[in-house]
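If you count the sequence shown from 1, position 116 lands on 169 in my numbering, and the numbers rise without skipping.
Don't be surprised by glycine CBs; every beta carbon is placed ideally from N, CA and C.
In what follows, a structure is listed as C-alpha cells, so that the remarks can point back to it.
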Amino acid sequence: MEKKSRRNFMKTLGSIGAAGVVGGSSFLSSCSKVQTTSGDKIRLLTSSGELVEVDKEQLKPADMPSLTENQKRGRKGLPGRSWVMVIDLSKCRNARECMKGCQNHHQLRPEQHHINVLQMQDAEHTAPYYMPKPCQHCDNPPCTKVCPVNATFKREDGIVLIDNERCIGCRFCIAACPYSARVFNWFEPRDAEKYEGVTYNIEANVPQKKGTISKCLFSADRLRDGKLPTCVSSCPNGVYWFGDRNENAVTNGTTKETTSFSKLIKENAAYTLMEELGTKPRVYYLPPKDRAFPFQGEIEDHHS
C-alpha cells in the first residue's frame with residue numbers, strides 16, 4: 054500500500070481537485086453554451102465528449118425526463134435530519150471490514166471502493182496510522198455544480214447522491230471532487246445477472262450501470278429504515294460514529310454507544326479534510342492519539 058502523509062495527501066488531492074473545480078467549471082461553462090459559427094452551423098459537445106457541428110435549424114429544445122416517485126423520494130431525503138460521520142483514527146487497524154461491507158451492499162467490483170483505508174504518515178519522524186476515506190458529503194460540494202444533467206445533487210438531510218438514471222458519464226464530477234471520492238463504472242457491474250430486472254434504487258445506487266458514476270452514499274437506503282450505514286455497522290473496532298447533527302447525537306457502530314456529537318468533536322480536537330477549500334465536509338476525524346492497536350504496515354520498522 055502506498056504511504057502518504059496527510060499534508061502530501063491533501064496537497065496532491067488539492068492540486069488535482071482544485072484544478073478540477075476551476076477547470077471543470079469553466080470547461081462546462083464553455084461547453085454548455087451554444088457557440089454560433091459562420092453561416093447556419095453551430096458546434097455542440099455530445100454526451101460522449103465529441104465536438105460536432107450541426108445545422109442550427111435542426112435544433113429543438115429538450116425537456117429533462119420527469120422523475121419517478123423513487124427518484125423524487127431519494128432526492129428529497131429524510132425531513133429534519135442532518136447526517137454526520139465521525140472517524141476515530143486511533144481505533145483503525147486496517148481490518149477493511151468497512152470496505153467489504155460497502156462493496157457487498159452497493160454491488161461494487163473488487164477494484165471499486167466507496168470507502169478506502171489509506172496508510173498515512175504526517176512527517177518523517179512521526180508514527181504512521183490508517184485513515185478511512187469516504188465521500189465527505191460536503192455542504193458546499195463542487196461536484197454538484199459541474200453536472201450538466203443534475204444527476205448528482207445534495208439532499209435536504211445533507212447527503213450527496215447520484216441518480217444513474219440521469220448520469221451520462223461525462224465525469225465532470227470526478228474532476229471537480231477534491232477528495233477523489235468518485236469511481237466510474239468502466240465495466241459491467243458485479244453480479245449484473247443477479248440484478249437484471251431489479252428496480253433501480255437511487256438511495257443504494259443499485260443496480261449499478263456501466264458508463265455511470267458511483268460513490269459513497271452514507272447508505273441512504275439503510276438510514277430510511279432506521280439503520281446505521283453499512284461501513285459503520287461492519288467495523289469491528291469502534292472506528293465509526295454516525296448520527297444526526299440536528300439531534301446533536303452520534304452512535305458508535307461497534308459499541309452502539311450514543312454520545313453528544315458536539316462534545317465528541319470538541320473534546321477530541323476533531324478536524325475535517327482540506328478545510329481551506331471551503332467545501333464544508335460532514336465527515337470529521339479524531340486524531341490518531343493513544344492508539345488502540347499497533348501499526349502493522351510496511352513502514353512500522355522505521356519508527357520507534
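Could you give the distance in angstroms between the alpha-carbon of residue i and the alpha-carbon of residue j?
i	j	result
Ser-91	Glu-103	At Ser-91, the pLDDT of 47 sits below 50, so the modelled position is not reliable and the matter cannot be decided from this model.
Lys-109	Leu-97	10 Å
Asp-274	Val-107	43 Å
Gln-172	Trp-136	26 Å
Met-152	Cys-284	7 Å
Tyr-293	Lys-280	14 Å
Asn-361	Ser-272	Past the boundaries of the shown model lies residue 361; the chain is included only from 54 to 357, so the question cannot be answered.
Thr-307	Glu-122	34 Å
Glu-241	Ala-228	22 Å
Gly-331	Cys-191	9 Å
Tyr-232	Met-327	9 Å
Gly-264	Pro-194	22 Å
His-178	Cys-230	31 Å
Glu-246	Lys-262	12 Å
Can you find the residues in the same chain that come closer than 6 Å, C-beta to C-beta, to residue i, ignoring five residues on each side of it along the sequence?
i	result
Glu-329	none
Thr-205	Cys-196, Thr-197, Ile-215, Cys-226
Asn-147	Val-170, Tyr-183
Determine the contact status of residue i and residue j, defining contact as a CB-CB distance below 9 Å.
i	j	result
Arg-235	Gly-127	no
Ile-168	Lys-144	no
Ile-221	Val-202	yes
Gln-189	Arg-335	yes
By the 10 Å Cβ neighbour count, where 16 or more other Cβ atoms means buried, how is residue i classified, buried or exposed?
i	result
Val-251	exposed
Ala-297	A small correction: the amino acid at residue 297 is Asp; Ala does not occupy that position in the sequence shown. Under this definition Asp-297 is a buried residue.
Ser-287	buried
Leu-270	buried
Ala-176	exposed
Asp-343	exposed
Val-105	exposed
Asn-157	exposed
Establish whether the CB of residue i and some CB of chain C are separated by less than 9 Å.
i	result
Arg-208	Looking at the structure shown, chain C is missing, and only one protein chain is on hand.
Within the same chain, show all residues whose beta-carbon is closer than 7 Å to that of residue i, passing over the 5 residues directly before and after it, in chain order.
i	result
Gly-130	Arg-208, Glu-209, Asp-210, Ile-212
Arg-277	Leu-131, Glu-256
Pro-260	Gln-160, Pro-242, Tyr-248, Val-251, Tyr-253
Glu-218	Gln-124, Tyr-253
Closer than 8 Å by C-beta to residue i: which residues in its own chain qualify, once you throw out the five before and the five after it? Chain order, please.
i	result
Leu-339	Val-139, Ile-140, Asp-141, Leu-142, Ser-143, Leu-317, Ile-318, Asn-321, Ala-322, Ala-323
Residue i: which of the options sits nearest, CA to CA?
i	options	result
Met-184	Gly-331, Val-303, Thr-325, Tyr-248	Thr-325
Leu-161	Phe-295, Tyr-248, Phe-314	Tyr-248
Pro-163	Phe-295, Arg-149, Gln-174	Arg-149
Arg-134	Pro-334, Ala-302, Cys-220	Ala-302
Tyr-337	Phe-314, Ala-229, Val-105, Gln-349	Phe-314
Cys-155	Pro-181, Ser-267, Met-327, Lys-309	Ser-267
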